[in-house]
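Notes follow the structure.
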Amino acid sequence: MTPQALKEAWADRWLMATRHPFLAAVRDGTLPQQTFATWFVQDYHFVRGLLPFQARLLALAPRRDQAVLARGILALVEELGWFEDQATRRGLNLQAAVHPACRNYVNFLWALSSGPYVAQLVSLWALERIYFEAWSEARPGAEPYREFVERWTNPGFGRYVQELEAAAERALREATEKEREAAREAFQETVEHEIRFWEMSWEVKT
Ligand code: HMH
Numbered sequence: 008m009t010p011q012a013l014k015e016a017w018a019d020r021w022l023m024a025t026r027h028p029f030l031a032a033v034r035d036g037t038l039p040q041q042t043f044a045t046w047f048v049q050d051y052h053f054v055r056g057l058l059p060f061q062a063r064l065l066a067l068a069p070r071r072d073q074a075v076l077a078r079g080i081l082a083l084v085e086e087l088g089w090f091e092d093q094a095t096r097r098g099l100n101l102q103a104a105v106h107p108a109c110r111n112y113v114n115f116l117w118a119l120s121s122g123p124y125v126a127q128l129v130s131l132w133a134l135e136r137i138y139f140e141a142w143s144e145a146r147p148g149a150e151p152y153r154e155f156v157e158r159w160t161n162p163g164f165g166r167y168v169q170e171l172e173a174a175a176e177r178a179l180r181e182a183t184e185k186e187r188e189a190a191r192e193a194f195q196e197t198v199e200h201e202i203r204f205w206e207m208s209w210e211v212k213t
């Protein structure tokens, strides 16, 4: 089992996570401002939760995976600052309540932290890979959303996702059958949470 094989086995749901109407609307500029604002604030909350997940993952990592995971953590710390600057510039309130779809996703990651390393790594690869593919769908993106498209489609981010994929592939190769099963489950749940995240942004009207 490889990361690529997981994608293929779950292809329909993967497509839902990476081709959502939200992204077509970012591309053609029809995304309602309120929809964007909902996504933006919830994604900030999500990244705040993702950071401690990645920090715990680094603590479990074999020597060979430390560099990519440490770089990922630093990028997230920087990303939070970027979100905060964007919020100021766009007049968005980052204090808004955490939506249940976002909270459930972060809680899922938290729970995953007590499971096998390989399942956590596969989940991290999947959620980053989904963002890379999803925002690539929105390219080049209409203003005022183009900066967001660039953030998750630039070559540096692409390389990061590739390195995570290589690490996940190695970990899967060395995993026991039980660990592989945990990784498969974590993969599937991650894809479902990603779909729900777009749905939430699309549906919330407040
Ligand atoms: C919901 N998934 C979600 N938000 C993100 N920022 C990423 C993945 C990738 O960083």
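Note that the sequence shown covers residues 8 to 213 in the working numbering.
No residue lacks a Cβ here, since even glycine has one placed at the ideal position from N, Cα and C.
Problem - Beta-carbon proximity list for valine 156, same chain, < 7 Å, skipping 5 on both sides - result: Cβ within range, chain order: Val33, Trp142, Ala145, Arg146, Pro147, Gly148.
Handout entry: Distance cut-off 8 Å: phenylalanine 47 Cβ against heavy atoms of ligand 1
Key = Set against 8 Å, the gap from the CB of phenylalanine 47 to the closest heavy atom of ligand 1 is not smaller.
Practice task
Please work out which residues of its chain come closer than 6 Å, Cβ to Cβ, to glycine 56, disregarding the five sequence neighbours upstream and downstream, and give them in chain order.
Solution key: These residues qualify, in order along the chain: Val113.
Practice task
Using three-state DSSP, classify alanine 193 as helix, strand or coil.
Solution key: DSSP places alanine 193 in helix when its eight states are reduced to three.
Practice task
Could you check how far apart the C-beta atoms of valine 105 and alanine 175 are, in whole angstroms? I think they sit under 8 Å.
Solution key: Actually they are not in contact, since the Cβ atoms of valine 105 and alanine 175 sit about 28 Å apart, beyond 8 Å.
Exercise for the section: Let me know the secondary structure DSSP gives valine 168 once reduced to three states. Expected result: When secondary structure is reduced to three states using DSSP, valine 168 falls in the helix class.
Practice task
Leaving aside the five residues before and after alanine 182 along the sequence, list all residues of the same chain whose C-beta is less than 6 Å from its C-beta, in chain order.
Solution key: Cβ within range, chain order: Val125.
Practice task
Report the option in Glu210, Thr42, Leu76, Leu81 whose CA atom is closest to the CA atom of glutamine 127.
Solution key: Comparing C-alpha distances from glutamine 127 to each of Glu210, Thr42, Leu76, Leu81 shows the shortest one belongs to Leu76.
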